[in-house]
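Mapping of the sequence shown onto this note's numbering: residues 71 to 348, in sequence order.
Backbone N, C-alpha and C define an ideal beta-carbon position, used for all residues, glycine too.
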Amino acid sequence: MRVTSPDGRQKATLAPDGILHSKYTGRKVGKGTYVFCWRKALEMLPTTAYKRISQHLVLPSSLADHVAHLLRLRVLQELELLTEQVEFAAKMRFRHTSVLRKLTCEEWRQLQLTKTIPYKKALAVLVSSPQQKNPDDDEKILPSMSPLPPQDQDNPLNAPPVCEMLPSKGPSHLPGSMLHHATPLYNAISAFPSLSQRAALHALLLRLLSAERTIQRRQNQRSISKFVASESAPPISNDAFLLSSTMDRDQHGDPTALAIALWRLHMYERSAWSNALP
């Protein structure tokens, strides 16, 4: 982004572009460069020859945090788009295979106990708790998908990692070639430090589940999402959501883009890449 200073000289500021979905914002026209999707790579830019991009280029101190914010926002955008697609499928009575459900309390307990995600077609597990009130002022937390940097960061002590990679089975049951096959488990409390973004994530997940419930009721099937009211239905976990893929090419509502957006955020925030540094 280029601006003109009061003394008439041009200044260029390095700003992230192309991270958000094109439905929400368009790319800016200008000179740029690609940077590895990793926070550490951005933090190392001042030690590189970044001036080759522009002689008057300025690196904002908040650049790495700004990129992280936009990556989180892209996750919310993809989730909203997926929700709209499933809602449209419900309205038009299209054929649809469920892509999101809540784990039962027993499934969640077993996942925590075994540290495995033994579900076919599992793309990810998202752990997202309902957001009630702001601990600072006791006010209700309103969901937000604003592109502006949030001012309501909440970083609890001993928070879990943004993402944990869990195998589909215990190591003793996996052949050598399958030891690295794992499914990501995302912890919203760490992946989304902003209270308003975390509230938006949970609200969208519940909205998507509501659309899934409508479709399942119309199909008159006993949904694996466990939303069908029944005395014999197992109790549902409040926090754990299972995102699954579908092989149906006629599916109206593909979760792939959401899974990719979540993985980008994991790649950006992960610390394991530091082992590759000299």
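Quiz item: Do L236 and I187 have their CB atoms nearer than 8 Å?
Solution: Taking the first residue of the sequence shown as position 1, residue 236 is located at position 166. Taking the first residue of the sequence shown as position 1, residue 187 is located at position 117. Cβ atoms of L236 and I187: closer than 8 Å.
Quiz item: I think P116 touches T83, with their Cβ atoms under 8 Å apart; what is that distance to the nearest whole Å?
Solution: Locating residue 116 in the sequence shown gives position 46, counting from the first residue. Locating residue 83 in the sequence shown gives position 13, counting from the first residue. Contact annotation, P116 with T83: C-beta distance approximately 14 Å; criterion of less than 8 Å not satisfied.
Quiz item: On the three-state DSSP scale, how would you describe C266?
Solution: Along the sequence shown, read from residue 1 onward, the residue named residue 266 stands at position 196. Checking the sequence shown, residue 266 turns out to be Ser, not Cys. Helix, per DSSP.
Quiz prompt | Member of Q267, E113, Q321, D309 whose CA lies at the smallest distance from the CA of M215 | solution = For the purposes of this step, residue 215 is taken as the residue at position 145 of the sequence shown. With distances taken between Cα atoms, M215 lies closest to Q267.
Quiz item: Going by C-alpha distance, which of R334, L151, D309 is nearest E176?
Solution: Locating residue 176 in the sequence shown gives position 106, counting from the first residue. Considering only alpha carbons, the answer is D309.
Practice problem: Please classify A229: is it buried, with 16 or more other beta-carbons within 10 angstroms of its beta-carbon, or exposed? | Solution: Numbered from its first residue, the sequence shown carries residue 229 at position 159. Counting other Cβ atoms within 10 Å of its Cβ, A229 stays below 16 and is therefore classed as exposed.
Quiz item: Is it a yes or a no for the stretch 277-288 touching the stretch 148-155, going by three-plus beta-carbon pairs under 8 Å?
Solution: The stretch 277-288 and the stretch 148-155 touch, with no fewer than 3 CB-CB distances between them shorter than 8 Å.
Practice problem: Compare the Cα-Cα distances from T95 to each of P86, T103, G102 and report the closest residue. | Solution: The residue you call residue 95 lines up with position 25 of the sequence shown. It is P86.
Quiz item: What is the C-beta distance between L274 and L149, in whole angstroms, given that I count them as a contact (C-beta under 8 Å)?
Solution: The residue given as residue 274 occupies position 204 in the sequence shown. The residue given as residue 149 occupies position 79 in the sequence shown. Between L149 and L274 the Cβ distance is about 5 Å, and since that is below 8 Å, they are a contact.
Practice problem: Determine the contact status of V195 and F311, defining contact as a CB-CB distance below 8 Å. | Solution: Translated into positions along the sequence shown, residue 195 becomes position 125. Translated into positions along the sequence shown, residue 311 becomes position 241. Yes, these two residues count as a Cβ contact at 8 Å.
Exercise. Enumerate in chain order the residues of its own chain whose CB-to-CB distance from L212 is below 8 Å, with the five nearest sequence positions on each side excluded.
Key: Sequence index remark: in the sequence shown, residue 212 carries index 142 (1-based). Answer for L212: S266, A269, listed in chain order.
Practice problem: Verify whether the separation of the beta carbon atoms of G323 and V137 is less than 8 Å. | Solution: Reading the sequence shown from its first residue, position 253 is the one you call residue 323. Reading the sequence shown from its first residue, position 67 is the one you call residue 137. G323 places its beta carbon 8 Å or farther from that of V137.
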